[in-house]
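Peer 1: Under the working numbering, the first residue of the sequence shown carries the number 16, and numbering increases by one thereafter. Think of the CB as a built atom: it goes at the ideal place given N, C-alpha and C, for glycine as much as any other residue. Dumping the structure here so I can ask a few things about it.
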Amino acid sequence: MARSRTTQIETIISRTDRLIAQGSKTSALFTRWRLAIFLAGLICTVTLYKLNWYQSGNLSLALFLAIFIAVAAYHNKVEAQIHRLRQWTQIKRTHLARMALDWGNIPTRPTDERSSHPYAADLDLVGPHSLTHLLDTTISDQGRERVRNWLLNQPPSPEQWRSRQALVRELTSRPLLRDRLTLDAKLTGDQEINGKRLAAVIEHRLGLPHLNTILVVQGLLASTTIGLGLATLFGLLPGYWMFSFAAYVLIYFMTDQGEELLEHAVGLHHETERLATVLGLIERYAAHRETTLASTWAALIGHVSPIQQLKEAARTLHAVSIKAHPLVHLTINAIGPWDLWFLRRLIQVQERIQQALPQWLDALAEVEAASALATFAYLHPDYIWPTPLTTTDGQQQIPPTLRASRLAHPLLPPGTRIANDVEMAELGSIYLITGSNMSGKSTFLRTIGINLCLAQAGAPVCAQSFNWTWSRLACCIRVDDSLDAGLSFFYAEVKRLKTILDATKDRTVPPVLFLIDEIFKGTNNRERLIGSQAYITALSKGHGFGLVSTHDLELADLEQVIPRLRNAHFQETVANGTLTFDYQLRPGPCPTTNALRIMELEGLPISPTPHNQAQ
Numbered sequence: 016m017a018r019s020r021t022t023q024i025e026t027i028i029s030r031t032d033r034l035i036a037q038g039s040k041t042s043a044l045f046t047r048w049r050l051a052i053f054l055a056g057l058i059c060t061v062t063l064y065k066l067n068w069y070q071s072g073n074l075s076l077a078l079f080l081a082i083f084i085a086v087a088a089y090h091n092k093v094e095a096q097i098h099r100l101r102q103w104t105q106i107k108r109t110h111l112a113r114m115a116l117d118w119g120n121i122p123t124r125p126t127d128e129r130s131s132h133p134y135a136a137d138l139d140l141v142g143p144h145s146l147t148h149l150l151d152t153t154i155s156d157q158g159r160e161r162v163r164n165w166l167l168n169q170p171p172s173p174e175q176w177r178s179r180q181a182l183v184r185e186l187t188s189r190p191l192l193r194d195r196l197t198l199d200a201k202l203t204g205d206q207e208i209n210g211k212r213l214a215a216v217i218e219h220r221l222g223l224p225h226l227n228t229i230l231v232v233q234g235l236l237a238s239t240t241i242g243l244g245l246a247t248l249f250g251l252l253p254g255y256w257m258f259s260f261a262a263y264v265l266i267y268f269m270t271d272q273g274e275e276l277l278e279h280a281v282g283l284h285h286e287t288e289r290l291a292t293v294l295g296l297i298e299r300y301a302a303h304r305e306t307t308l309a310s311t312w313a314a315l316i317g318h319v320s321p322i323q324q325l326k327e328a329a330r331t332l333h334a335v336s337i338k339a340h341p342l343v344h345l346t347i348n349a350i351g352p353w354d355l356w357f358l359r360r361l362i363q364v365q366e367r368i369q370q371a372l373p374q375w376l377d378a379l380a381e382v383e384a385a386s387a388l389a390t391f392a393y394l395h396p397d398y399i400w401p402t403p404l405t406t407t408d409g410q411q412q413i414p415p416t417l418r419a420s421r422l423a424h425p426l427l428p429p430g431t432r433i434a435n436d437v438e439m440a441e442l443g444s445i446y447l448i449t450g451s452n453m454s455g456k457s458t459f460l461r462t463i464g465i466n467l468c469l470a471q472a473g474a475p476v477c478a479q480s481f482n483w484t485w486s487r488l489a490c491c492i493r494v495d496d497s498l499d500a501g502l503s504f505f506y507a508e509v510k511r512l513k514t515i516l517d518a519t520k521d522r523t524v525p526p527v528l529f530l531i532d533e534i535f536k537g538t539n540n541r542e543r544l545i546g547s548q549a550y551i552t553a554l555s556k557g558h559g560f561g562l563v564s565t566h567d568l569e570l571a572d573l574e575q576v577i578p579r580l581r582n583a584h585f586q587e588t589v590a591n592g593t594l595t596f597d598y599q600l601r602p603g604p605c606p607t608t609n610a611l612r613i614m615e616l617e618g619l620p621i622s623p624t625p626h627n628q629a630q
């Protein structure tokens, strides 16, 4: 299925490339035609003028100018379409990069490493080459943050999850809508829609004290000037209009906002244009359709159309931008208080948009995040939709469970990742994973964690089947010492393990799924064994279940003490002096170790020297 999806996208790219090639040929032809029309018009017009055929020369100038403008306008449309097609094919190529895990061709976004998060760094959820790097197709900063929140703030409520996954599954079958959302945003600018910047621009007001009073006075003066001017024109009165006009002009220059009004209008138009484009696309799709997107959009937006308000803002901003044309601007303002009127309109529009903007951005972020997960599902058609285990009334009344078959890591290439099965049920269930170095213990823990994050976010998972109950994730896989905080590696590990143990004591929330790799690896063998036995025993009595990996084979004896603890292991084989791993999870404790073998294969001594033996 994944191969057919790749072929489908490659076919679209091939067709688009052919259209771009045809368009480029057409554009080159129009370039030559424009040059030919210009030269022909120049020669004909100059020749007619030199022959003193001025009327024919004027007619020739007008004719060739009209033809040139028409050809240039069509040429511009062709160039715009070529640019659109190039952006479209780039979106499709990025899809292929996401499928192939070609990280260099997947756009990067601003990132927050979340070093204090209980599992973000352990599971590679943020940062370069991470899960968010892979699936983030959002176009706004709030959309990007919404995707991360879905992955990092778990579990959601069952109602949230059901509505979220319904939207994701619907958008999965709408690739044109999802890609159009990205395309339309790209065509209006390279930067993402920034909610804080947009809010700051909208909140900025051009202050003019007593604006309404000044507008009334200027309106009366303009009306008086027009009336007196008409009376003077028909000889009914002398030129009294000059006095009212002089007062009008004086007030105009005293209240003129100058270039500040124009700059503010241009900035506001630039920030709202992209928002209007993407909101308009979603609104048009959601209108008059009985879909999950339509119901979600209506619930988030309400009854007032954002497009109507943004169109009104655009008309007002276009009216203000007449200041860019000085002669026209002065002429219109000489007739009436154009600037003051639209300044008042602009303030009113900004106030309405400011009130509605948080709601709009929230709705857009929800659709963007769902669209990102839907694109992930579309690009991986062999992934399955997970099923939460709940009772018929939707309330969790069954033991904590995680049951998956053919579970694999989505950040590993399809040709190299190995799938395994896992099943845990009941509080206190623990898999104790033993195995050799590099045998796959850490990757297996991350595989479970990252797929659970995807499942609880509403996305498909890399498995053949996946059933689970709502769980809080807590990991101790990737632990770093901190010089700034004055923490050694061991102390940092102890603090992480204490946090996990404390989390298992809260029985008012969903149980903890803990993933602990190489427990107490920061201390010596004897103390590690004693501490690990006590810690795993405490975990088995708490409000949680999970997996613990270790090098200490002595811990396998805990299976005789802890009823719900099961041993499992990964192992290696040696062939022709080379270690090989199959990364398959097997029941029972690991029967082999490989540290000395690795040292020997790399040329390190593994036997004590005679001097040490003598001692």
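Kindly indicate the opening and closing residues of the beta strand (DSSP E) around Cys-468.
Peer 2: Not the beta strand (DSSP E): Cys-468 falls in the alpha helix (DSSP H), residues 456–472.
Peer 1: Given a cut-off of 8 Å, decide if Leu-100 and Gly-38 are closer than it, judged by their beta-carbon atoms.
Peer 2: Cβ atoms of Gly-38 and Leu-100: closer than 8 Å.
Peer 1: Looking only at C-alpha atoms, which of Gln-374, Arg-195 and Cys-491 sits nearest to Ala-314?
Peer 2: Among Gln-374, Arg-195 and Cys-491, the Cα nearest to that of Ala-314 is on Gln-374.
Peer 1: Counting C-beta neighbours from all protein chains within 10 Å, is the total for Lys-556 16 or more, i.e. buried, or is it exposed?
Peer 2: By the neighbour-count rule (16 or more Cβ atoms within 10 Å), Lys-556 is not buried but exposed.
Peer 1: On the CB-based measure, 16 or more other CB atoms within 10 Å of its CB, does Gly-501 come out buried or exposed?
Peer 2: Unreliable placement is indicated for Gly-501, whose pLDDT of 45 sits below 50; the coordinate value is still reported in the next sentence. The residue is exposed, with fewer than 16 neighbouring Cβ atoms inside 10 Å.
Peer 1: Following the continuous alpha helix (DSSP H) through Tyr-89, name the residue where it begins and the one where it ends.
Peer 2: That run of the alpha helix (DSSP H) goes 69–115.
Peer 1: Does DSSP put Cys-59 in a helix, in a strand, or in coil?
Peer 2: Correct three-state label for Cys-59: helix.
Peer 1: Using only alpha-carbon positions, find the residue among Leu-467, Leu-243, Val-335 and Ser-547 that is nearest to Ile-399.
Peer 2: That would be Leu-467, whose Cα lies nearest to the Cα of Ile-399.
Peer 1: Report all residues from its chain with a CB closer than 6 Å to the CB of Gly-295; omit the five preceding and five following residues, and keep chain order.
Peer 2: If we look at Gly-295 and ignore the five residues flanking it on each side, its Cβ neighbours are Ile-322.
Peer 1: For Pro-428, which of Leu-149, Thr-31, Gln-169 and Leu-78 has the nearest alpha-carbon?
Peer 2: Ranking the options by Cα distance to Pro-428, first place goes to Leu-149.
Peer 1: Between Leu-388 and Gly-473, which are expected to be in contact by the criterion C-beta below 8 Å, what is the C-beta distance as a whole number of angstroms?
Peer 2: Going by Cβ atoms, the distance from Leu-388 to Gly-473 rounds to 6 Å, so yes, they are a contact pair.
Peer 1: With a Cβ-Cβ cutoff of 8 Å, do Thr-484 and Ala-571 count as a contact?
Peer 2: Not a contact, by the Cβ cut-off of 8 Å.
Peer 1: Do Ile-433 and Ala-423 have their CB atoms nearer than 8 Å?
Peer 2: In contact: Ile-433 and Ala-423 (Cβ atoms closer than 8 Å).
Peer 1: Quick check on DSSP: helix, strand or coil for Gly-432?
Peer 2: The amino acid at residue 432 is misidentified as Gly; the sequence shows Arg. Correct three-state label for Arg-432: coil.
Peer 1: Going by DSSP, name the residue or residues bridged to Pro-602.
Peer 2: Pro-602 is bridged to Ala-583.
Peer 1: Buried or exposed: where does His-144 fall if 16 or more other Cβ atoms within 10 Å of its Cβ makes it buried?
Peer 2: Exposed, by the Cβ-count rule.
Peer 1: Could you tell me the distance, in whole angstroms, from the CA atom of Ala-349 to the CA atom of Asp-205?
Peer 2: Using only the alpha carbons, I get a separation of about 40 Å.
Peer 1: My guess is that Asn-482 and Leu-404 are in contact by the Cβ rule of under 8 Å, so how many angstroms apart are they, rounded?
Peer 2: Indeed, because the Cβ distance is near 5 Å, the residues count as touching under 8 Å.
Peer 1: Can we say the region 335–343 touches the region 201–217, given the rule of at least three CB pairs closer than 8 Å?
Peer 2: Output reads no: the region 201–217 does not touch the region 335–343.
Peer 1: Among the candidates Thr-22, Phe-45, Ser-29 and Ser-310, whose CA atom is the shortest distance from the CA of Ser-178?
Peer 2: Of Thr-22, Phe-45, Ser-29 and Ser-310, the residue nearest in Cα terms is Ser-310.
Peer 1: Which residue from His-284, Ser-454 and Ile-266 puts its Cα closest to that of Gln-365?
Peer 2: That would be His-284, whose Cα lies nearest to the Cα of Gln-365.
Peer 1: Is Gly-443 helix, strand or coil by DSSP?
Peer 2: In the structure shown, Gly-443 sits in coil (DSSP, three-state: anything other than H, G, I, E or B).
Peer 1: Given this structure, state the Cα-to-Cα distance separating Pro-602 from Asp-436, to the nearest angstrom.
Peer 2: Each residue's alpha carbon lies about 11 Å from the other.
Peer 1: According to the neighbour-count rule (16 or more other Cβ atoms, all chains shown, within 10 Å of its Cβ), is Ser-503 buried or exposed?
Peer 2: By the neighbour-count rule (16 or more Cβ atoms within 10 Å), Ser-503 is not buried but exposed.
Peer 1: Taking the straight line between their C-alpha atoms, what separation do you get for Gly-222 and Gly-234?
Peer 2: Each residue's Cα considered, the two are about 20 Å apart.
Peer 1: Which term fits Val-476, buried or exposed, when burial requires 16 or more other beta carbons within 10 angstroms of its beta carbon?
Peer 2: When all chains shown are included, Val-476 counts as buried.
Peer 1: Among Asp-532, Ala-583, Leu-226 and Leu-198, which one has its Cα closest to the Cα of Leu-355?
Peer 2: With distances taken between Cα atoms, Leu-355 lies closest to Leu-226.
Peer 1: Quick one: what does DSSP say Arg-8 is sitting in, helix, strand or coil?
Peer 2: Here the chain comprises residues numbered 16 to 630, so residue 8 is not present and cannot be evaluated.
Peer 1: Considering only the alpha carbon of each residue, which of Thr-228, Ala-385 and Ser-19 lies closest to Glu-160?
Peer 2: The candidate whose alpha carbon is nearest that of Glu-160 is Ala-385.
Peer 1: Give, in chain order, every unbroken run of the alpha helix (DSSP H) that is at least 4 residues long and sits entirely within the region 156–213.
Peer 2: Counting whole runs of 4 or more residues, the region 156–213 contains the alpha helix (DSSP H) stretches 156–167, 173–187 and 190–202.
Peer 1: In or out: Glu-305 buried (at least 16 other Cβ within 10 Å) or exposed?
Peer 2: The residue in question, Glu-305, is exposed, as its Cβ has fewer than 16 Cβ neighbours within 10 Å.
Peer 1: Please check the pair Ala-478 and Ser-420, which I expect to be a contact at CB under 8 Å, by giving their CB distance rounded to whole angstroms.
Peer 2: Contact flag correct, Cβ pair sits at about 7 Å.
Peer 1: Output the distance between the C-alpha atoms of Glu-533 and Ser-547, rounded to the nearest integer angstrom.
Peer 2: Their Cα atoms are separated by approximately 10 Å.
Peer 1: Please state whether the Cβ-Cβ distance between Pro-415 and Phe-560 is less than 8 Å.
Peer 2: In this structure, Phe-560 lies closer than 8 Å to Pro-415 by Cβ.
Peer 1: Tell me the residue span of the beta strand (DSSP E) that contains Thr-593.
Peer 2: Taken as a continuous stretch (DSSP letters only), the beta strand (DSSP E) holding Thr-593 covers 593–596.
Peer 1: For Ile-121 versus Thr-104, is the C-beta distance shorter than 8 Å?
Peer 2: In this structure, Thr-104 does not lie closer than 8 Å to Ile-121 by Cβ.
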